[in-house]
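Note sheet for the following structure.
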Amino acid sequence: MKQSLQALSKASEKFSQLSLSHGKRTRLWRLLYGHGPRNGSLLVLPLDQGLEHGPTDFFPNPPALDPEYQFRLAVEGNFSAIALGIGLAEKYMAEYCGRIPLILKLNGKTNIPSDADATSPLFASVEDAVRIGADAVGYTMYVGSPRQHDEIRQFEKVRQDCERFGMPLVLWSYPRGSAIDAKGGKNSLYAQDYAARVALELGADIVKLHEPNDERTHAPAPYDKLQEDAGARSERVVRSAGRTMVLFSGGEKNDDDAAVLRKVEFYMASGASGVMFGRNMWLRPLDQAIALTKAVHEIMAKYPR
């Protein structure tokens, strides 16, 4: 009971800082306090890899090819939400409506073309998200791509619809393109810090980022002279996101459970609002994935937001 009251106090403090419609407040509350760690932090299970990476991502764990596997993991592992596209939501969500919040991904691409001119076209709408009962929508923005002008214009309509329908907006803010490659690469501090600020400036409620590395060889000033450790780099990115909540990516599968848990602790200690774990969870056998998720919950319980 005491922990619940503390969570409520934290929620009131956080929400009082944000200009949110009643619809956004209600949906964000369900994500932050109704499911998952329930303490203002977020544990999200994404399943957009089949589109973004192709079927090969499922080869190491064939049962994961069936989306029922991820839905079971999301419910039994007590995730804050599952994130996926319209096709999977319409074909597999019915049995799980109300049991796990949905973040509906509105756009995406395959990895068949080069990322040099990366763009992510819409294939669903905010109205679709309302219709199927989603608690948030997800949008991928390729920051720095030669096509970013198209994506920013496309994002404008999505953001306006989110405000109209009271739908929280999660931005997958991904640096891509030749200009990014020439300035240190997509996971450099320069690129990830910029991506965090873009999410704040464009109006995202939550942003998904990757942990910034220490690549400074081709980074623009003053990033080329910054000598910060991993913790300071991640903290800098979280600060640049301001009042946009940060989720760090779990990245590719790591077979070492202890290393995964250290990464969760590191992200939360850096000020993130949570983590988005896909392949690191659903490429494990279900019982192992649920056990690992339980350990993640124990860490996140120490970091109320």
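Residues 60 to 364 (the numbering used here) make up the sequence shown, in order. Built from N, CA and C at the ideal position, the CB exists for glycine as well.
Residue burial classification, residue 159 (beta-carbon count within 10 angstroms, cutoff 16): That one is buried.
Reduced DSSP secondary structure (H/G/I, E/B, other) of residue 142: strand
Coarse secondary structure for residue 268, derived from DSSP in three states: strand
Range covered by the beta strand (DSSP E) that runs through residue 333: 333 to 335
Residues sharing a beta bridge with residue 164, DSSP: 197
Residue ranges of each beta strand (DSSP E) within the segment 182 to 270, 3 or longer: 195 to 202, 228 to 234 and 265 to 268
Secondary structure, alpha helix (DSSP H): runs of 4+ residues fully inside the segment 297 to 342: 316 to 328 and 338 to 341
Reference residue 129, options 113, 198, 108 and 112, closest by Cα: 108
Under the three-state DSSP convention, the category residue 105 falls into: strand
CB of residue 156 within 7 Å of CB of residue 192, strictly: yes
Three-state secondary structure (DSSP) of residue 77: coil
Residue 352: first and last residue of the uninterrupted alpha helix (DSSP H) it sits in: 345 to 359
Check whether residue 331 and residue 355 have beta carbons under 7 Å apart: no
Straight-line gap, residue 318 to residue 86 (C-alpha atoms, nearest Å): 32 Å
Proximity winner among 245, 227 and 358, relative to residue 89 (alpha-carbon distances): 227
Nonlocal neighbours in the same chain, by C-beta distance under 7 Å from residue 334, ignoring five residues either side: 102, 306, 307, 309, 323 and 326
C-beta atoms of residue 201 and residue 256 nearer than 7 Å: Not a contact, by the Cβ cut-off of 7 Å.
Residue environment, residue 336, which counts as buried when at least 16 other CB atoms sit within 10 Å: Under this definition residue 336 is a buried residue.
For residue 225 and residue 276, believed in contact at Cβ under 8 Å, the rounded distance: Rounded, the Cβ-Cβ distance is 45 Å, inconsistent with contact.
Selected residue, minimal CA-CA separation from residue 91, among 194, 143, 121 and 329: 194
Residue 296 and residue 271 closer than 7 Å at C-beta: Taking 7 Å as the Cβ cut-off, residue 296 and residue 271 qualify as a contacting pair.
Residues near residue 264 by beta carbon distance below 6 Å, same chain, minus five either side: 227 and 228
Where residue 285 falls: helix, strand or coil (DSSP): coil
CA-to-CA distance, residue 252 to residue 285, given in whole angstroms: 13 Å
Other residues of its chain near residue 364: CB distance less than 6 Å, five sequence neighbours each side excluded: 99, 100 and 332
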